[in-house]
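**Q**
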Amino acid sequence: MGRIVKAKLLRARNTVALARWLLGKHLVRRGADGSLEARLITEVEAYHGERDLACHARAGRTRRTSVMYGPGGHWYVYLCYGVHEMLNLVTGPRDWPAAILIRSVEGIGGPGRLTRNLDIDRKLNGKPAQRKSGLWIEDRGGRVPRGALRATPRIGVAYAGPVWSKKPWRFTYDPAALSGGRADYP
DNA sequence: TACTCGATCGGA
DNA sequence: CCGATCGAGTAA
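Listed below in structure tokens is the structure:
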């Protein structure tokens, strides 16, 4: 078992740094039958504030984005293309709209597949990323070596314009390069 | 109330 | 390459 990541940590303002930090942590899901599934987080993207034209909060505070304006440490789950549920972790202090899209975990590539495989949907929207919600993040000591980290532009955000669509705020790494901390299932 | 389009995916 | 599928956001 690992340390459950505390909300306080996620209230830091630098979402981009938090996104990098999230790599190598475990996403843990409790199933309806009580079973646990823990998977290494392998791909994330940072969405940072109203100025970030790729961020849903670019339109300001709306019903959908209100969760992002809350304190860090809660889930933001929304429906994409009318088909896929997207899982995001809200970051930053209250009134600073930001979140990290969890795009892939080890063995499940793609944000839509991830939620389908782990039975995640909008019922989790606004819930804290803690044990009581059935979905949380654990630090099991794994660390991503600097050399294994990759930063690239975010996926599918061309509409955000040349500046914001090119920000290298998508982070990935090769899980084989992880040092320590691997634990498949609790 | 009408219209457009999207932080995707799987099958042609 | 394209259709699925639906709700948010915007304009009116």
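When you line the first sequence up against this note's numbering, it's residues 430 to 615, in that order. Glycine residues also receive a C-beta, built at the ideal position from the N, C-alpha and C atoms. Please read all numbers here as calculations on a predicted model, not as lab measurements.
1) Got a sec, what are the start and stop residues for the beta strand (DSSP E) Arg458 sits in?
2) Whose CA, out of Ala580, Gly563, Ser533 and Leu447, lies closest to the CA of Lys596?
3) How should Lys454 be labelled, buried or exposed, when 16 other C-beta atoms within 10 angstroms of its C-beta is the threshold for buried?
4) Please classify Pro604: is it buried, with 16 or more other beta-carbons within 10 angstroms of its beta-carbon, or exposed?
5) Within its chain, find whatever has a CB closer than 6 Å to the CB of Leu547; leave out the 5 residues flanking it on each side and keep chain order.
6) Just reading off the beta strand (DSSP E) that Trp593 is part of, what are its end residues?
7) For Gln559, collect the residues of the same chain with a Cβ closer than 6 Å to its Cβ; drop the 5 residues on either side in sequence, then sort them by chain order.
8) Where Asn554 and Pro574 are concerned, what is the direct C-alpha to C-alpha distance, given to the nearest angstrom?
9) From this set, Glu472, Arg493 and Ile433, which residue's C-alpha is nearest Arg551's C-alpha?
10) How many angstroms separate the CA atom of Ala587 from the CA atom of Pro557?
11) What residue range does the alpha helix (DSSP H) around Met515 cover?
12) Measure the alpha-carbon distance for Leu397 versus Ser594 and round it to whole angstroms.
13) Let me check understanding here. Comparing Cα to Cα, which of Ile537, Gly539, Met515 and Gly538 lies closest to Ala528?
14) Excluding sequence positions up to five away, which residues of its chain have a Cβ less than 6 Å from the Cβ of Gly541?
15) Could you work out which residue in Lys435, Arg449 and Arg583 is closest to Ile470 when comparing CA atoms only?
16) By DSSP's criteria, Pro597 is part of a beta bridge. Which residues make up the other side?
17) Can you tell me where the beta strand (DSSP E) with Leu547 in it begins and where it stops?
18) In terms of residues, what are the limits of the alpha helix (DSSP H) holding Trp450?
19) From the DSSP secondary-structure annotation, give me the bridge partner or partners of Val473.
20) Should Thr544 go down as buried or exposed, given a rule of 16 or more other Cβ atoms within 10 Å for buried?
**A** So, from the listed chains and residues:
1) Taking the first sequence and counting its residues from 1, one reaches residue 458 at position 29. Arg458 -> beta strand (DSSP E) spans His455 to Arg459.
2) Walking along the first sequence from the start, residue 596 turns up at place 167. The residue with the shortest Cα to Cα distance from Lys596 is Ala580.
3) Along the first sequence, read from residue 1 onward, the residue named residue 454 stands at position 25. Lys454 should be labelled buried.
4) Here the question's residue 604 lines up with position 175 in the first sequence. Burial call: buried.
5) Taking the first sequence and counting its residues from 1, one reaches residue 547 at position 118. The residues are Arg458.
6) Your numbering for residue 593 matches position 164 in the first sequence. Taken as a continuous stretch (DSSP letters only), Trp593 belongs to no beta strand (DSSP E), being part of the alpha helix (DSSP H) at Gly590 to Ser594.
7) The sequence position of residue 559 within the first sequence is 130, counting from 1. Result list for Gln559: Trp565, in chain order.
8) Residue mapping note: residue 554 aligns to position 125 of the first sequence, counting from 1. Residue mapping note: residue 574 aligns to position 145 of the first sequence, counting from 1. So the two alpha carbons sit approximately 32 Å from each other.
9) On the first sequence, position 122 is the one that residue 551 refers to. It is Arg493 whose Cα lies nearest to the Cα of Arg551.
10) Indexing the first sequence from 1 puts residue 587 at position 158. Indexing the first sequence from 1 puts residue 557 at position 128. Their backbone Cα atoms lie some 31 Å apart in a straight line.
11) Taking the first sequence and counting its residues from 1, one reaches residue 515 at position 86. Premise fails: Met515 lies in the beta strand (DSSP E), His513 to Val519, not in any alpha helix (DSSP H).
12) Residue 397 is absent from the model: the chain starts at 430 and stops at 615.
13) By one-based count along the first sequence, residue 528 stands at place 99. It is Met515.
14) Taking the first residue of the first sequence as 1, we reach residue 541 at position 112. Contacts found: His513.
15) Along the first sequence, one-based indexing puts residue 470 at 41. Comparing Cα-Cα distances from Ile470 to each of Lys435, Arg449 and Arg583, the minimum goes to Arg449.
16) Mapped onto the first sequence, residue 597 falls at position 168. In the DSSP output, where bridge partners are listed per residue, Pro597 has none listed.
17) On the first sequence, residue 547 is found 118 positions in, with the first residue counted as 1. That residue, Leu547, is in no beta strand (DSSP E); it is neither H nor E in DSSP.
18) Position 21 of the first sequence, counted from the start, is the residue given in the question as residue 450. Its alpha helix (DSSP H) spans residues Thr444 to Leu451.
19) Numbered from 1 along the first sequence, position 44 holds the residue referred to as residue 473. Beta-bridge pairing links Val473 to Ile531 and Phe600.
20) Numbered from 1 along the first sequence, position 115 holds the residue referred to as residue 544. So Thr544 ends up on the buried side.
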